[in-house]
Structures are given as C-alpha cells and as structure tokens.
Amino acid sequence: MDIEIRIYELEQDGKLHELSSTPISWYGGICPNVGDVLCSDFTALGVCFYSVQRRYFMEAGGATGWAIIVRRLDPAPQQAMVYETWKEDTEFWEEVYENERREELDEADPPEPIQPPLNWREQKAMEYLFERGAQVRVDWHELKDFGPSTQKSLQKRGFIRASADTDRHGNPEKIWLTKAGQKAMHDLHAHRSKYPVL
137 MDIEIRIYEL EQDGKLHELS STPISWYGGI CPNVGDVLCS DFTALGVCFY SVQRRYFMEA
197 GGATGWAIIV RRLDPAPQQA MVYETWKEDT EFWEEVYENE RREELDEADP PEPIQPPLNW
257 REQKAMEYLF ERGAQVRVDW HELKDFGPST QKSLQKRGFI RASADTDRHG NPEKIWLTKA
317 GQKAMHDLHA HRSKYPVL
C-alpha cells in the first residue's frame with residue numbers, strides 16, 4: 137500500500153488547512169522532513185513556498201500516512217531565483233525531449249507508395265506484369281494464383297486492364313499492366329531499395 141502524504145498549512149489563527157493529499161510516490165518515495173522547503177505553482181495564489189515545521193506519522197481513522205505541517209514563507213529573492221531557474225530548466229529539457237522524439241519519427245521509414253499495400257496474390261501478379269512492361273498483353277492463365285477477386289482489386293486501383301473477350305469460363309483472354317501500374321511498381325521497387333524490409 138502506498139503511504140499517503142497530507143500537507144497542512146498552519147494558518148495565522150492556529151488552524152490547519154489541508155493543501156494536498158498525495159501518495160508518497162509523488163515525492164519520489166521520500167517524505168518531506170522538518171526544515172525542507174516546498175514550492176508549488178499549482179495553487180490559486182500562484183507560486184508559494186512553504187517551510188516544513190513538523191511531521192507526524194499517523195495510523196488513525198482507518199488511514200496510514202504522514203501529516204506534514206507547513207508554514208507559508210514570505211517571498212524572498214532567492215526563492216524567486218530558484219523557481220525561475222527550475223522553470224527555465226524544465227522548459228529547456230522538455231524542448232530537448234520533444235526534438236529527440238521528432239528526430240526519431242523523422243528517422244522512421246515512410247510508408248510504401250502503394251496504399252493499402254498489395255496482398256501476396258496482387259504482388260505476384262503485378263511483378264509478373266511489370267517484368268513484361270506496360271501495355272504488354274499476356275494470357276490470363278499465365279498469371280499464377282490469380283483469380284477474379286484479385287483482378288477486380290487491381291483494376292479498381294487502375295493498375296491493370298482486361299480484354300473484353302472472355303474464355304469459356306468467363307475470364308478475360310488478356311491482361312495487361314497500365315502505365316499507372318508500371319509507375320506504382322517502379323515507385324515500390326525504389327522505396328524498397330531505399331528502405332529494405334528486414
């Protein structure tokens with residue numbers, strides 16, 4: 137179970153006002169000690185500094201944790217300097233991390249030019265036709281693992297065309313690669329040469 141840390145401000149009238157209640161992991165697993173100074177700009181008052189006056193380990197009311205008694209400090213030049221330096225360093229390192237993240241994204245391989253990617257049947261047919269060139273008609277039955285659904289998919293992309301003449305099974309007699317299909321395969325090969333698949 138994570139130990140709870142409750143911060144109470146000791147007000148001018150002697151009453152305690154709860155400022156926060158967080159698990160000890162919020163403080164890196166270390167409980168604030170007497171003499172520590174806590175700084176926060178999460179408050180409605182803006183940036184505030186608090187000096188730890190007392191701390192009590194509590195096992196009461198069904199809860200276990202530390203009650204930290206603090207008193208708000210009057211603004212001082214050193215406090216403002218510490219706050220501004222911390223803030224500037226935080227902004228600096230956030231920018232460094234963001235630039236590193238962008239560099240990692242830039243180094244990632246871009247997607248292949250044919251999207252969505254060809255499935256293995258489409259790839260096989262396109263490679264066969266690409267080797268023969270654009271507008272070169274080949275017999276439908278020369279294409280292995282090639283069926284009506286693959287034909288329809290490639291035609292829809294504008295990569296191939298089919299003759300109007302059909303065989304006795306209703307399949308077109310000739311299939312050929314379009315210039316658009318030739319360009320797509322050329323771009324795909326260029327992409328894979330530049331970004332080889334491991």
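Per our numbering, the very first residue in the sequence shown carries number 137; after that it's consecutive.
Just so it is clear, CB atoms sit at the ideal spot from N, CA and C, and this is done for glycine as well.
Bear in mind the structure is a predicted one, so any value in this text is a computation, not a measurement.
In the displayed model, Phe178 falls within a strand according to three-state DSSP. Within the segment 250-322, the runs of alpha helix (DSSP H) at least 4 residues long that lie entirely inside it are, in chain order, 256-268, 284-293.
Where Pro247 is concerned, there is no enclosing beta strand (DSSP E), because DSSP gives it neither an H nor an E.
Just measuring C-alpha positions, the residue of Leu324, Ala326, Thr158, Gln251 sitting nearest Lys292 is Gln251.
Within the DSSP secondary-structure output, Met217 pairs in no beta bridge. DSSP places Ala196 in the strand class (E or B) of the three-state scheme.
Around the Cβ of Met194, a 10 Å sphere holds fewer than 16 other Cβ atoms; the residue is exposed. In this structure, Leu146 keeps its C-beta atom at 8 Å or more from the C-beta atom of Val183.
Going by beta carbons, Met321 and Phe266 fall inside the 8 Å limit.
Counting other Cβ atoms within 10 Å of its Cβ, Glu258 reaches 16 or more and is therefore classed as buried. Within 10 angstroms of the beta-carbon of Met262 lie 16 or more other beta-carbons, which makes it buried. Assignment of beta-bridge partners to Cys184 by DSSP yields Ser176.
Burial state of Thr221 is exposed, judged by a 10 Å Cβ sphere holding fewer than 16 other Cβ atoms. When secondary structure is reduced to three states using DSSP, Ile139 falls in the coil class, being assigned neither helix nor strand. In the structure shown, Ile166 adopts coil according to DSSP, grouped into three states.
Take the alpha-carbon of Asp138 and the one of Arg191: they are about 18 Å apart. Contact between the segment 272-290 and the segment 303-323 is established, with three or more Cβ pairs separated by less than 8 Å.
Taking C-beta separations shorter than 6 Å and ignoring five residues to either side along the sequence, the partners of Leu155 in its chain run Ile143, Glu145, following chain order.
Under the three-state reduction of DSSP, Glu227 is assigned to helix. The residue from Gln287, Trp256, Val170 with its alpha-carbon nearest to that of Ile296 is Gln287.
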